[in-house]
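Trainee: Throughout the sequence shown, residue numbering follows full-length UniProt numbering, covering 1 to 353 in sequence.
For every residue, glycine included, the Cβ atom is placed at its ideal position computed from N, Cα and C.
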Amino acid sequence: MILVTGGAGFIGSNFVLDWLARADEPVVNLDKLTYAGNPDNLASLEGDRRHVFVRGDIGDQPLVEQLLAKYRPRAVLHFAAESHVDRSIHAPGSFIDTNVVGTFRLLEGIRAYLEPLPEAERAAFRLLHVSTDEVYGSLSPAAPAFTEEHRYEPSSPYSASKAASDHLVRAYHQTYGLPVLTTNCSNNYGPHHFPEKLIPLMIVNGLAGRPLPVYGDGMHVRDWLYVGDHCSAIRLVLEAGRPGETYNVGGRSEKSNLEVVRTVCALLDELRPRGDGGSHAGQIQFVPDRPGHDRRYAVDAGKIERELGWRPLETFETGLRRTVEWYLAHPGWVERAQSGAYRDWMARQYGQA
Ligand code: NAD
């Protein structure tokens, strides 16, 4: 049995589905179902007794302790977070509540669960903390990619809250001997990605004939990884990673935002051409840059490749094609994900409904 937090979100739901497709080890899934948690993502597991869904907050320590005592998982995989940088700029409070205080409560719950266990069981337990490369801050164009030794220089309330959670997790290893593993991954894309994030936003707006908003000059560079490859990295770190260690995960696939948007447009032009014969790229609109917008992130995934033999299966081109195809095949998912709350947010952010 494993316990996953945030398993109704983008990466968590992909992980749970992948996990159960590969093995019969059951999953307890603790998720608060914020705007980003979507039960639709798990609809295919309905009636599957290997999946126990619990709606709740990682910050509810008695609940965490109760679940740990009841299900006695061998590992906790911690995905739950407030994850959208733009939202963290407008309203940072929930990022501190969940990413910092929530992670602290989860750690305390795990500590209380492990304390009375025999040494061998304690040593075999794992907490895998899923984090981001954004904790390292911004890279200049020619600088080498982030290694695990790079100093933490977060720029947004989101990345600062994730940095704080990474430090807490590490401190629980140093102080209490909790067997923790941390992964710091670059930007993910793929199925179930909430349509406020760059790639799904471009697909959904592109199809609807709406503007495709690109921040500033569009030259912000990110490393992109297909979500299925992130999931395989997490599985590998869980089974073979060394407790106390951090593993950077990335696709060696640096792209400017404008390049990403143009590639999405080209795929849409091919797979779902516009009625007027024009290119979706004609919908691109540059909008004022956001404050503290990091110029470049790039991840050196050498350690996980060398030590654990991890390799991504998808290139950016193959992964993006799979992603666009998934959105085209799931209009009902898109429709339901775009709830009232989502529309309010889009209206505030981009002045559109
Ligand atoms: P997401 O926003 O899609 O999903 C987060 C999930 O956590 C949602 O289901 C939400 O309901 C749940 N949640 C939020 N607050 C909670 C709380 N207090 N208690 C219980 N559940 C709660 O996020 P995501 O993109 O799937 O990211 C998952 C994790 O991976 C996050 O920790 C994020 O920092 C990290 N990460 C994301 C990316 C990326 O590109 N998306 C890259 C690297 C790391």
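Can you check whether the CB of Y158 is closer than 9 Å to the CB of L210?
Mentor: In the sequence shown, the residue the question calls residue 210 occupies position 210. In the sequence shown, the residue the question calls residue 158 occupies position 158. At residue 210 the sequence reads Arg, which differs from the Leu that was named. Their beta carbons are not under 9 Å apart, which means R210 does not touch Y158 by this criterion.
Trainee: What does the Cβ neighbour count give for P273, buried or exposed, with the cut at 16 atoms within 10 Å?
Mentor: Counting from 1 along the sequence shown, the entry for residue 273 is found at position 273. Answer is exposed; the Cβ neighbour count stays below 16.
Trainee: To the nearest angstrom, report how far apart L147 and A208 are at their CA atoms.
Mentor: For the purposes of this step, residue 147 is taken as the residue at position 147 of the sequence shown. For the purposes of this step, residue 208 is taken as the residue at position 208 of the sequence shown. Correcting the residue identity first, residue 147 is Thr in this sequence and not Leu. Computed Cα separation, rounded: 40 Å.
Trainee: Does the segment 121 to 132 come close enough to the segment 68 to 81 to have 3 or more Cβ pairs within less than 8 Å?
Mentor: Because the criterion of three Cβ pairs below 8 Å is met, the segment 121 to 132 and the segment 68 to 81 touch.
Trainee: Verify the contact flag: L30, CB atom, against every heavy atom of the ligand NAD, threshold strictly below 8 Å.
Mentor: Along the sequence shown, read from residue 1 onward, the residue named residue 30 stands at position 30. Within the cutoff, so yes.
Trainee: Count the other C-beta atoms from every protein chain shown that fall within 10 angstroms of the C-beta of L251, then say buried if there are 16 or more, exposed otherwise.
Mentor: As a position in the sequence shown, residue 251 is number 251, starting the count at 1. Note that residue 251 is Gly in the sequence shown, not Leu. Classification of G251: buried, given that the 10 Å Cβ count is 16 or more.
Trainee: Whole angstroms is fine: what's the gap from V214's alpha carbon to L178's?
Mentor: On the sequence shown, residue 214 is found 214 positions in, with the first residue counted as 1. On the sequence shown, residue 178 is found 178 positions in, with the first residue counted as 1. Spanning the two alpha carbons is a distance of roughly 42 Å.
Trainee: Please list the terminal residues of the continuous beta strand (DSSP E) segment that includes P213.
Mentor: As a working mapping, residue 213 is identified with position 213 in the sequence shown. Where P213 is concerned, the enclosing beta strand (DSSP E) stretches over 212 to 215.
Trainee: Please name the residue in P312, I58, A123, V334 whose C-alpha comes closest to that of L201.
Mentor: For this step, residue 201 is matched to residue 201 along the sequence shown. L201 has its Cα closest to that of V334, out of P312, I58, A123, V334.
Trainee: Where does the unbroken alpha helix (DSSP H) through G316 begin, and where does it stop?
Mentor: Residue numbering aside, residue 316 sits at position 316 when the sequence shown is read from its first letter. At residue 316 the sequence reads Phe, which differs from the Gly that was named. Its alpha helix (DSSP H) spans residues 316 to 329.
Trainee: In angstroms, rounded to a whole number, what distance separates the CA positions of A23 and L267?
Mentor: Here residue 23 refers to the residue found at position 23 when the sequence shown is read from its first residue. Here residue 267 refers to the residue found at position 267 when the sequence shown is read from its first residue. Looking at the two C-alpha atoms, the distance is approximately 34 Å.
Trainee: Helix, strand or coil: how does DSSP classify L17 here?
Mentor: Start at 1 with the first residue of the sequence shown, and residue 17 comes out as number 17. In this structure, L17 counts as helix in the three-state DSSP scheme.
Trainee: Within 8 Å, do at least three Cβ pairs link the segment 94 to 108 to the segment 251 to 260?
Mentor: The segment 251 to 260, when compared against the segment 94 to 108, does not touch it at the 8 Å Cβ threshold.
Trainee: Over the uninterrupted alpha helix (DSSP H) stretch that includes E307, give me the two end residues.
Mentor: Residue 307 sits at position 307 when you count from the first residue of the sequence shown. Where E307 is concerned, the enclosing alpha helix (DSSP H) stretches over 302 to 308.
Trainee: Rounded to whole angstroms, what's the CA-CA distance from G9 to S279? Just pull it up for me.
Mentor: Looking up residue 9 in the sequence shown gives position 9. Looking up residue 279 in the sequence shown gives position 279. If you take the alpha carbons of G9 and S279, they lie about 32 Å apart.
Trainee: Can you list, in chain order, the residues of its chain whose CB lies under 6 Å from that of T323, leaving out five sequence neighbours each side?
Mentor: What you label residue 323 is simply residue 323 of the sequence shown in a count that begins at 1. Closer than 6 Å at the Cβ level, and outside the excluded window around T323, lie Y189, G190.
Trainee: Which word fits E314, buried or exposed, when buried means at least 16 other C-beta atoms lie within 10 angstroms of its C-beta?
Mentor: Taking the sequence shown and counting its residues from 1, the one referred to as residue 314 is at position 314. Buried, since its Cβ has 16 or more Cβ neighbours within 10 Å.
Trainee: Buried or exposed, going by whether 16 or more other CB atoms sit within 10 Å of the CB of T182?
Mentor: The count along the sequence shown starts at 1 and reaches residue 182 at position 182. Classification of T182: buried, given that the 10 Å Cβ count is 16 or more.
Trainee: When you compare only the Cα positions, how much space is there between Q66 and A123?
Mentor: Position 66 of the sequence shown, counting from 1, holds the residue named residue 66. Position 123 of the sequence shown, counting from 1, holds the residue named residue 123. Taking the straight line joining both Cα atoms gives about 21 Å.
Trainee: In three-state DSSP terms, what is T182?
Mentor: For the purposes of this step, residue 182 is taken as residue 182 along the sequence shown, with counting starting at 1. In the structure shown, T182 sits in a strand (DSSP, three-state: E or B).
Trainee: Between which two residues does the beta strand (DSSP E) carrying D60 extend?
Mentor: Working through the sequence shown from its first residue, we reach residue 60 at position 60. Unbroken run through D60: none, as it is neither H nor E.
Trainee: Taking only three categories from DSSP, how would you classify E254?
Mentor: One-based indexing of the sequence shown puts residue 254 at position 254. Correct three-state label for E254: strand.
Trainee: Any heavy atom of the ligand NAD closer than 8 Å to the CB of N38?
Mentor: Translated into positions along the sequence shown, residue 38 becomes position 38. Indeed, a heavy atom of the ligand NAD lies less than 8 Å from the Cβ.
Trainee: Any contact between the segment 280 to 293 and the segment 224 to 239? By contact I mean 3 or more CB pairs, one from each, below 8 Å.
Mentor: The answer is no - the segment 224 to 239 does not touch the segment 280 to 293, with fewer than three Cβ pairs under 8 Å.
Trainee: For D174, which three-state DSSP category applies?
Mentor: Numbered from its first residue, the sequence shown carries residue 174 at position 174. It is Gln, not Asp, that sits at residue 174 in the sequence shown. The answer is helix: DSSP assigns Q174 an H, G or I state.
Trainee: Here's the rule: buried if 16 or more other CB atoms are within 10 angstroms of the residue's CB, otherwise exposed. What is S339?
Mentor: Taking the sequence shown and counting its residues from 1, the one referred to as residue 339 is at position 339. So S339 ends up on the exposed side.
Trainee: Does the distance from the C-beta atom of T246 to that of D300 stay below 9 Å?
Mentor: Residue 246 sits at position 246 when you count from the first residue of the sequence shown. Residue 300 sits at position 300 when you count from the first residue of the sequence shown. In this structure, D300 does not lie closer than 9 Å to T246 by Cβ.
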